[in-house]
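K.L.:
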Amino acid sequence: MKKGVLLVNLGTPDSNNTGDVRKYLREFLMDERVIDIPFYKRWPLVNLIIAPFRAPKSAKEYKKVWTENGSPLLFYGIECKKLLQEKLGEGYHVALGMRYQNPSIESALNELKKQDISEIVVVPLFPQYASATTGSVAQKVMELTRNWQVIPDVSYVQHYHRHPLYIKTFADIGNKYLRSHDYDHVIFSFHGLPERQIIKADINTCCKLRGEGGTCNRKGYRKNTFCYRSACFETADLIAKELGLPDDKYSVCFQSRLGKDPWIQPYTEDTIIDLTKKGKKSVLAFSPAFVADCLETTVEVGEEYKEIFEENGGEHWQLVESLNDHPMWIKCLEDLVKGNEAHVPELFD
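Residue 520 is where the sequence shown starts when you use our numbering, and the numbers rise one by one after that.
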């Protein structure tokens, strides 16, 4: 019997038309793990306010990233599926699903079911664990498989934000820019989350965000592996160490705020403005929460933040592309599927 591998990314609209973008936003934002408020509040907020008004603007943004192969998120997902299948060989069957829209997780699971597989390894394509991403994928897989007559062994890769090959791939891509230009500063911009979701995930009750005016110590690694904010800082520090960057040469920040509630900080926009005030003219920007180019990397980090940087006196802004179909990234996926133990450097021995 074969072993099944289920790669899952967030998802993308079926097209860049407003109607398809609206449909995608509704499914995405109605997830109780994404907007974690009661249904009676979430439904009107998403369906009557956010999706109707945001869809036309988002559709224009999707047009900027759309290629002849469609969405880059989907295109690179398909490429990774093919390349990983080649690397794993005949003993495995790799399927690709999106948490929202197509190809759906359900269609991918049905594909695996037809292969008479003995077990399934679920690999959410989110390096840092968060309830709204990895947690949502796990919940969906459990909901879809619970009524199968024969339920195979199902395991989940919950995070790999410190896996050496993931770290080395980002460093390898970034190095080509560092070799060609003398940058004043490097930023690592991660997707943001509401602070309340970080606190909810605090299984060790050590979260410093608790209480009014709470602050978080960035170096609290491994006290709670499932703290998204801490995992992001660890990722940035490991990539910076691989690149040989001193502490004062890089910053970590968080993008994509939504609503009035506080999100994890520091915010990317604030960090950019602060850097320009300090006279930084040339910045290299990583977005390591994403393993494939998408709206949040190409447009938000690559274009919108570049505009903010230049409006405030900056001169040279360069986005580091994502892992996409890099050979070392495919090797990392193989390691994750096979459960290979990889040496993880201790930052603070």
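Even for Gly, the Cβ is constructed at its ideal location relative to N, Cα and C.
As the structure is a computational prediction, the values presented were derived from the model and not from experiment.
Residues bridged to Glu587 by DSSP?
P.N.:
Note: Glu587 sits in no beta bridge, so no partner.
K.L.:
How many Å lie between Tyr679 and Lys583 at the Cα?
P.N.:
30 angstroms
K.L.:
With H, G and I counted as helix, E and B as strand and the rest as coil, what does DSSP make of Asn694?
P.N.:
Under the three-state reduction of DSSP, Asn694 is assigned to helix.
K.L.:
Roughly how many angstroms separate the alpha carbons of Leu842 and His682, rounded to a whole number?
P.N.:
Spanning the alpha carbons of Leu842 and His682 requires a straight line of approximately 14 angstroms.
K.L.:
Taking 8 angstroms as the threshold, find out whether the stretch 762-772 comes into contact with the stretch 644-658 through three or more Cβ pairs.
P.N.:
Contact fails between the stretch 762-772 and the stretch 644-658, because fewer than three Cβ pairs, one in each stretch, are under 8 angstroms apart.
K.L.:
Less than 9 angstroms between the C-beta atoms of Leu607 and Val524, yes or no?
P.N.:
yes
K.L.:
Tell me, please, which residues DSSP counts as bridged to Ala759.
P.N.:
The partner list for Ala759 (beta bridge, DSSP) is empty, contrary to what the question assumes.
K.L.:
Are the stretch 698-713 and the stretch 772-786 touching, with three or more C-beta to C-beta distances below 8 angstroms?
P.N.:
Three or more Cβ pairs drawn from the stretch 698-713 and the stretch 772-786 lie within less than 8 angstroms of each other, which places the two stretches in contact.
K.L.:
On a Cα-Cα basis, can you pick out the residue from Glu829, Glu826 and Thr817 that is closest to Val839?
P.N.:
Thr817
K.L.:
Kindly indicate which three-state DSSP category Gln620 falls into: helix, strand or coil?
P.N.:
If DSSP states are grouped into helix, strand and coil, Gln620 belongs with coil.
K.L.:
Please name the residue, chosen from Glu853, Ile792, Leu628 and Gly530, that lies closest to Ser957 on a Cα-to-Cα basis.
P.N.:
With the chain represented from 520 up to 868, any question about residue 957 goes unanswered, as that position is not in the structure.
K.L.:
In angstroms with no decimal places, state the Cα-to-Cα distance between Tyr619 and Glu819.
P.N.:
In this structure, the straight-line span from the alpha carbon of Tyr619 to that of Glu819 is close to 21 angstroms.
K.L.:
Check for me: the alpha helix (DSSP H) holding Ala657 runs from which residue to which?
P.N.:
Ser655 to Thr664
K.L.:
Can you grab the Cα-Cα spacing for the pair Trp562 / Pro646, in whole Å?
P.N.:
A direct Cα-to-Cα measurement between Trp562 and Pro646 gives close to 29 angstroms.
K.L.:
If you reduce the DSSP assignment to three classes, tell me which class Cys813 lands in.
P.N.:
coil
K.L.:
Flag this pair as yes or no: are the beta carbons of Ser708 and Ser806 separated by less than 9 angstroms?
P.N.:
yes
K.L.:
What number of angstroms, rounded off, separates the C-alpha of Gly693 from the C-alpha of Tyr824?
P.N.:
18 angstroms
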